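J.:
Protein chains: 2
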Amino acid sequence: MGEILRVDMTTGQIKKEAVPEKYQGLGGRALTSKVLLEEVDPTCNPLGSRNKLVIAPGMLSGTKAPSSGRISVGGKSPLTGTIKEANAGGTTAQKLASLGIYAIIIEGKPADGKLSVLRISEQGAELLPGDEFKGKGTYEVSEKLRAKYGSHIGLMQIGPAGEMLLANAGVANNDPEGNSSRYAGRGGLGAVMGSKGLKAVVVDTQKALDAPVANSEAFGEAAKKFAKILLDHPVTGQGLPSFGTNVLMNIINEAGALPTKNFRKGRFDQANQISGEKLAEVAVARGGKATHACHHGCVMRCSNIYPMPNGKVCAPIEYESAWSLGAHCEIGDLDDVAMLNYICNDVGLDTIEAGGTLGILMEGGVIPWGDGKAAIKALEEVYTGSALGRIIGNGAVFAARAFGVTRVGEVKGQHMPAYDPRGAKGIGVTYATSTMGADHTAGYCITANILKVGGYVDPLKKEGQIDLARNLQIATAAIDSSGLCLFVAFAVLDNPDGLPTIVEMLNAKYGASLTIDDVLALGQQVLRNEREFNKRAGFTKEADRLPEFFLDEESDPHKTKFDVTNDELDSLYNF
Amino acid sequence: MGEILRVDMTTGQIKKEAVPEKYQGLGGRALTSKVLLEEVDPTCNPLGSRNKLVIAPGMLSGTKAPSSGRISVGGKSPLTGTIKEANAGGTTAQKLASLGIYAIIIEGKPADGKLSVLRISEQGAELLPGDEFKGKGTYEVSEKLRAKYGSHIGLMQIGPAGEMLLANAGVANNDPEGNSSRYAGRGGLGAVMGSKGLKAVVVDTQKALDAPVANSEAFGEAAKKFAKILLDHPVTGQGLPSFGTNVLMNIINEAGALPTKNFRKGRFDQANQISGEKLAEVAVARGGKATHACHHGCVMRCSNIYPMPNGKVCAPIEYESAWSLGAHCEIGDLDDVAMLNYICNDVGLDTIEAGGTLGILMEGGVIPWGDGKAAIKALEEVYTGSALGRIIGNGAVFAARAFGVTRVGEVKGQHMPAYDPRGAKGIGVTYATSTMGADHTAGYCITANILKVGGYVDPLKKEGQIDLARNLQIATAAIDSSGLCLFVAFAVLDNPDGLPTIVEMLNAKYGASLTIDDVLALGQQVLRNEREFNKRAGFTKEADRLPEFFLDEESDPHKTKFDVTNDELDSLYNF
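Going down the list, the sequences are from chains A and V.
So my numbering is basically just the index in the first sequence, starting at one, shifted up by 66.
So my numbering is basically just the index in the second sequence, starting at one, shifted up by 66.
Below is the structure:
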């Protein structure tokens with residue numbers, strides 16, 4: 067069932083391997099994490115020849131399961147030093163899975179510093195010279211490669227930031243229209259790809275939903291049932307398809323958990339100006355789209371297409387990006403936010419970390435608070451490789467050290483996303499304990515803390531947060547392995563048929579007889595593998611902590627500190 | 067017997083405290099490490115209000131013991147994240163001890179960001195406004211403060227680098243002539259001092275050798291005997307007083323362990339041009355000095371005074387500085403090396419790390435190899451606070467990340483000093499296992515590896531290196547506590563009367579009855595305390611490793627790799 071493509075960048079050799087038993091039945095995050103634990107020395111230099119970049123479609127990717135087109139990209143992170151998997155939509159996962167590619171493992175490091183393009187087609191795989199794309203932004207490279215190979219290609223690439231080995235460089239995946247804006251963004255895996263000299267992976271096939279399925283009739287039925295479950299839920303069936311993820315801007319602002327001016331406030335007085343509602347209105351008025359699917363077969367269609375006055379198009383503007391490039395920096399001009407987002411996508415940076423970094427520049431007095439134009443100018447420095455550009459491209463903790471700033475909302479070197487850990491303490495627990503640094507997607511406690519999905523846990527109290535974060539981290543690890551978009555969780559948490567239907571799809575796909583317990587056990591195993599990698603890399607519980615100012619400073623408006631104790635945090639992995 | 071001065075920079079309050087029992091009988095490194103372990107949360111932000119800067123004269127400082135004027139400065143390091151003590155000569159230790167100051171503990175952090183000067187005199191201690199010195203180099207500040215308070219003052223200060231919180235900022239101490247060039251340099255303690263808003267400590271007393279001694283007659287005899295032991299040894303009595311530490315340049319070059327061009331070679335073809343012999347010749351011809359004492363009563367006089375053609379004077383040029391700013395960067399012009407050294411002293415940077423960083427800039431193609439003038443121009447950027455200057459001021463690992471360089475000779479974030487760990491494997495063991503990152507002074511195995519002092523252990527074989535490094539690290543921890551200059555070890559290792567005479571001095575000073583075993587036990591306890599701090603900070607044995615390229619790449623000329631195994635390294639702390 068599929069094969070592994072092993073690419074040695076030191077020698078240029080490509081091998082196709084049968085899937086060894088230890089990797090069988092895995093996909094997505096479960097597979098990338100497992101390969102890293104088995105094959106990579108956790109103490110290695112993330113940008114050295116010993117690290118590996120592992121790319122794996124999810125277990126259901128390339129099938130007709132709705133919203134299952136997620137790709138997992140894994141490696142030891144140059145940003146955090148931990149294991150890292152970053153998960154993205156776009157068309158790559160479906161096309162790789164349709165070609166029967168179980169995983170791509172990129173190894174070694176070229177001695178000559180030259181760039182390559184890996185082309186994979188039904189005929190095989192080859193490494194092609196890539197120096198013609200050196201220093202080029204992702205939009206231009208996408209255009210050129212689509213012109214060369216056709217608009218059907220799946221494309222995974224890095225921007226100039228990844229080539230420069232900057233620790234906030236992400237890996238971009240194309241959407242169906244060719245926008246390189248579906249980022250496996252966090253943790254600097256673009257720099258790992260850059261260290262391998264790999265500028266792009268072209269998946270040159272028309273196929274998209276041709277992954278092998280053992281029992282296609284049962285699969286079709288389960289997939290249909292699952293689509294209905296998604297469509298019936300108010301978040302996945304209505305909220306996301308109307309305003310995308312940025313529907314959260316007004317909600318989180320209202321909840322007083324929208325970090326503003328580097329976590330000094332929990333509400334942004336211009337939140338409405340950068341909200342999903344506003345975005346939809348402007349996008350549609352300008353001929354863009356308020357709703358859009360990042361891959362074939364997604365029913366949630368949470369993406370958008372935002373035309374800017376300068377003629378460029380940003381697609382999409384996610385909530386977390388609008389927060390980091392907006393509220394965090396007190397920037398209330400949606401066009402500025404869109405342009406910052408566009409630059410991140412083109413130069414090859416994760417938006418959350420990039421916005422976090424711009425906030426640090428403001429904190430350090432390098433640019434003024436709220437000045438979108440100054441932020442754009444600063445971010446454009448990344449293209450030039452200037453000293454300032456390289457500082458920005460290396461992320462918030464790096465910029466803070468450069469500019470003498472001690473107030474940085476980060477864990478394990480990764481900047482926090484769009485939720486104040488004092489205003490939603492469950493997400494604070496996830497930030498602290500995630501295997502990959504501060505990350506909301508690792509265990510999205512905003513569900514029960516604020517959205518009242520899957521129950522309710524008072525966001526301002528510490529009680530119940532550990533259990534919530536633990537359960538969600540386990541479930542997320544499983545979902546990230548399945549290839550399903552994490553957003554299916556909204557429906558799955560509220561509908562008792564949700565999880566059983568996922569299990570039905572997995573069983574039909576693999577001809578297996580998994581139970582719900584097996585799937586949760588998979589999630590637990592993924593976390594254990596990742597935790598073990600980090601332990602071997604030298605991480606201890608002392609790294610599972612929030613920065614001091616969340617413990618010392620009361621949040622606004624709720625006047626709460628982060629008061630989950632260290633012992634409580636350390637109990638998260640009791641399972 | 068003395069008192070502790072506790073300075074709260076948050077409130078501006080100064081308290082004089084009796085020495086609590088747990089700190090009694092300690093001094094120097096033993097005391098600073100103990101205070102940090104007892105009073106500082108090891109997980110704290112090194113530049114936040116929870117860290118403390120601890121300043122302590124050695125146990126024998128301020129007495130007539132020869133070469134005993136060392137001061138210990140301690141804190142959690144912003145460069146390594148470990149505990150850190152940096153040890154320096156100059157006049158501060160003697161004057162503080164003469165005033166009966168056991169230790170100064172600087173706590174908290176001013177909210178207003180203003181600078182202060184701490185003045186300590188026989189009348190007491192006071193915090194004075196220091197903003198007039200903002201951004202000023204150490205030479206100017208020294209001149210102004212000496213003009214204000216008299217040329218007798220002891221002075222400890224930070225340069226602009228420390229004010230900017232750059233992680234390679236050191237703490238400068240004046241020599242008797244007022245040069246601010248005696249650096250407690252390594253580990254970024256200047257940034258910790260900067261984070262406290264403390265620009266300078268003025269020790270305003272004429273006293274220098276007035277520390278209380280319990281039995282002065284016995285002390286005088288022991289001190290005299292110890293002076294003779296030092297004068298009788300070829301290194302401390304002849305080598306150091308003739309050419310200073312830079313007598314090592316030709317020796318280490320000859321041994322093939324002089325890291326050249328970022329550890330690509332073990333010999334530098336222009337080593338002779340930057341050697342101690344050359345330095346002495348040029349310095350004397352220009353009216354400088356080939357030999358000079360950094361504090362009253364030093365018989366080794368290993369320092370020098372080097373006038374430059376531009377009219378400025380660099381004093382001293384140490385071997386490790388001449389290496390980092392010279393051979394490491396392939397800079398063979400002694401005047402360029404001197405000017406780089408001078409800038410480090412003035413702007414407030416550790417020379418070893420700064421030279422290491424300039425080598426990284428060359429490795430990354432930012433400036434050309436061997437171009438002294440370009441290096442000077444780059445280093446001057448630190449004054450300006452430009453993005454490049456801030457990158458340089460944050461040290462080699464930081465600069466490497468900025469410029470996409472993966473070849474960095476460092477451990478725990480601190481650059482290696484002037485000895486290739488493959489060409490002198492004992493020092494490689496010290497680099498890996500020291501509690502403070504790569505540091506030669508932590509256990510100077512060059513003694514037995516190359517100088518054949520204290521026995522001989524083949525530098526190219528791994529056998530015997532662990533025992534050597536362990537014993538020297540223990541002995542060093544004790545000597546760093548005593549206030550004696552580490553260089554006394556050359557004589558002490560070869561003369562059976564050495565250690566007993568140190569014990570005699572300690573007993574006469576404290577009216578105690580210590581044995582040699584007690585002193586070695588003190589050294590062990592210091593290491594255990596530091597190791598415990600690091601453990602609580604989250605460090606594990608995985609941090610006790612050399613970078614990959616020393617394991618992968620054969621050295622030149624000896625064609626050896628660093629082959630001490632991880633298990634062997636992990637056995638160092640078996641005592």
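All C-beta atoms in this analysis are idealised placements derived from N, C-alpha and C, irrespective of residue type, glycine included.
Predicted, not measured: the structure shown is a model, and the values here were computed from it.
In three-state terms, what does DSSP make of GLU188 (chain A)?
T.: Coil, per DSSP.
J.: Any Cβ of chain A within less than 8 angstroms of the Cβ of LEU445 (chain V)?
T.: No, its Cβ sits nowhere closer than 8 angstroms to a Cβ of chain A.
J.: If we cut at 8 angstroms on Cβ distances, does LEU454 (chain V) have a partner in chain A?
T.: Cβ-Cβ to chain A under 8 angstroms: yes for LEU454 (chain V).
J.: Count the other CB atoms within 10 Å of the CB of ARG456 (chain V); is the residue buried (16 or more) or exposed (fewer)?
T.: Classification for ARG456 (chain V): buried.
J.: DSSP state of ALA177 (chain A), grouped into three classes?
T.: Looking at ALA177 (chain A) - three-state DSSP - the assignment turns out to be coil, as it is neither helix nor strand.
J.: So with Cβ pairs under 8 angstroms, would you call ILE457 (chain V) a contact of chain A?
T.: Answer yes: the Cβ-Cβ gap between ILE457 (chain V) and chain A drops below 8 angstroms somewhere.
J.: Which of the residues in the stretch 596 to 615 of chain A, read from start to end, lie with their CB under 9 angstroms from any CB of chain V?
T.: Cβ contacts with chain V come from LYS601, ARG602, ALA603, GLY604, PHE605, THR606, LYS607, GLU608, ALA609, ARG611, PRO613, GLU614, PHE615.
J.: What is the residue span of the beta strand (DSSP E) that ASP119 (chain A) lies within?
T.: Position check: residue 119 (chain A) holds Leu in this sequence, whereas Asp was assumed. 119 to 123 is the extent of the beta strand (DSSP E) around LEU119 (chain A).
J.: Tell me which residue opens and which closes the beta strand (DSSP E) that ASP270 (chain V) is part of.
T.: Run containing ASP270 (chain V): 264 to 270, per the beta strand (DSSP E) assignment.
J.: Leaving out the 5 sequence neighbours to the left and right, which residues in its chain are closer than 7 angstroms to ILE493 (chain A) when beta-carbon positions are compared?
T.: Once the five neighbours on either side are set aside, the close Cβ partners of ILE493 (chain A) are TYR485, PRO487, HIS506, CYS511, ILE512, ASN515.
J.: Can the beta-carbon of ARG139 (chain V) be found less than 8 angstroms from the beta-carbon of THR98 (chain V)?
T.: It should be noted that the sequence gives Val, not Arg, for residue 139 (chain V). Yes, these two residues count as a Cβ contact at 8 angstroms.
J.: Look at the alpha carbon of ARG602 (chain V) and the alpha carbon of VAL120 (chain V), and state the distance between them as a whole number of angstroms.
T.: Taking the straight line from one Cα to the other gives about 19 angstroms.
J.: Any residues in the stretch 470 to 500 of chain V with a beta carbon nearer than 7 angstroms to a beta carbon of chain A? Which ones, in chain order?
T.: Listed by position, the residues of the stretch 470 to 500 of chain V near chain A (Cβ gap below 7 angstroms) are GLY470, THR472.
J.: Name the DSSP beta bridge partners of ALA154 (chain V), please?
T.: DSSP lists V:ILE137 as partners of ALA154 (chain V).
J.: List, from N- to C-terminal side, the beta strand (DSSP E) runs of 3 residues or more that fit wholly inside the stretch 256 to 325 of chain V.
T.: Here the runs fully enclosed are 264 to 270.
J.: Pull up the CB-CB distance for VAL495 (chain A) and ILE458 (chain A), whole angstroms please, since I reckon it's below 8 angstroms.
T.: Wrong, their Cβ atoms sit about 30 angstroms apart, outside the cutoff.
J.: Comparing C-alpha positions only, which one of V:GLN160, V:GLY421, V:GLY166, V:PRO112 sits nearest to SER133 (chain V)?
T.: When each option's Cα is compared against that of SER133 (chain V), the closest is V:GLN160.
J.: Is there a Cβ from chain V that is less than 8 angstroms from the Cβ of ALA233 (chain A)?
T.: Closer than 8 angstroms: yes.
J.: Have a look at the DSSP bridge pairing and note the partners of ASN239 (chain V).
T.: BP columns for ASN239 (chain V) point to V:MET222, V:ARG248.
J.: Output the distance between the C-alpha atoms of VAL523 (chain A) and GLY263 (chain V), rounded to the nearest integer angstrom.
T.: The straight-line gap from Cα to Cα measures roughly 43 angstroms.
J.: Cα separation between LEU255 (chain A) and VAL237 (chain A)?
T.: Distance between the alpha carbons of LEU255 (chain A) and VAL237 (chain A): 6 angstroms.
J.: Three Cβ pairs or more, each shorter than 8 angstroms: is that satisfied between the stretch 139 to 156 of chain V and the stretch 112 to 128 of chain V?
T.: Touching, yes.
J.: Starting from the beta carbon of MET75 (chain A), find every residue of chain V whose beta carbon is closer than 8 angstroms, and list them in chain order.
T.: Those do not exist, as MET75 (chain A) stays about 14 angstroms from chain V at its closest Cβ, beyond 8 angstroms.
J.: Is the stretch 466 to 480 of chain A touching the stretch 227 to 236 of chain V in the sense that three or more CB pairs, one from each, lie closer than 8 angstroms?
T.: As far as the Cβ criterion goes, the stretch 227 to 236 of chain V touches the stretch 466 to 480 of chain A, which means the pair count is three or higher.
J.: Here's a check: name, in chain order, each residue in its chain whose Cβ is nearer than 7 angstroms to the Cβ of SER261 (chain A), leaving out the five neighbours to either side.
T.: Counting only Cβ-Cβ distances below 7 angstroms, and skipping sequence neighbours, we find LEU113, LYS175, LEU231.
J.: Is the beta carbon of LEU617 (chain A) closer than 8 angstroms to that of LYS627 (chain A)?
T.: Yes, they are a contact pair.
J.: State buried or exposed for GLY641 (chain A), treating a residue as buried only when at least 16 other CB atoms are found within 10 Å of its CB.
T.: In the sequence as presented, Gly is not what sits at residue 641 (chain A); that position holds Phe. The residue is exposed, with fewer than 16 neighbouring Cβ atoms inside 10 Å.
J.: In whole angstroms, what separates the C-alpha of GLY135 (chain A) from that of ALA227 (chain A)?
T.: Approximately 26 angstroms between the Cα atoms of the pair.
J.: So, at 8 angstroms on beta carbons, what are the nonlocal neighbours of ARG597 (chain A) in its own chain, with the 5 sequence-adjacent residues on each side left out?
T.: For ARG597 (chain A), where only same-chain residues beyond five positions count, the Cβ hits under 8 angstroms are THR501, TYR639.
J.: Starting from the beta carbon of ARG116 (chain V), find every residue of chain A whose beta carbon is closer than 8 angstroms, and list them in chain order.
T.: Within 8 angstroms Cβ-Cβ: GLU614.
J.: Report the rounded CA-to-CA distance for SER127 (chain A) versus ALA163 (chain A), giving the unit in angstroms.
T.: Cα to Cα, SER127 (chain A) sits roughly 6 angstroms from ALA163 (chain A).
J.: Listing by chain order, which chain V residues have their CB less than 7 angstroms from the CB of LEU113 (chain A)?
T.: What LEU113 (chain A) touches in chain V: THR472.
J.: Provide the residue span of the alpha helix (DSSP H) that contains GLU446 (chain A), from first to last.
T.: From DSSP, the alpha helix (DSSP H) with GLU446 (chain A) extends over 438 to 450.
J.: Mapping DSSP to helix, strand and coil, what is PRO373 (chain V)?
T.: Note: PRO373 (chain V) maps to strand in three-state DSSP.
J.: Going by alpha carbons, who is nearest to THR204 (chain V) out of V:ASN281, V:LYS100, V:ASN245?
T.: If we check each option's Cα against that of THR204 (chain V), V:ASN245 comes out closest.
J.: If you draw a straight line from the alpha carbon of ILE433 (chain V) to that of LYS439 (chain V), how long is it in whole angstroms?
T.: Approximately 10 angstroms between the Cα atoms of the pair.
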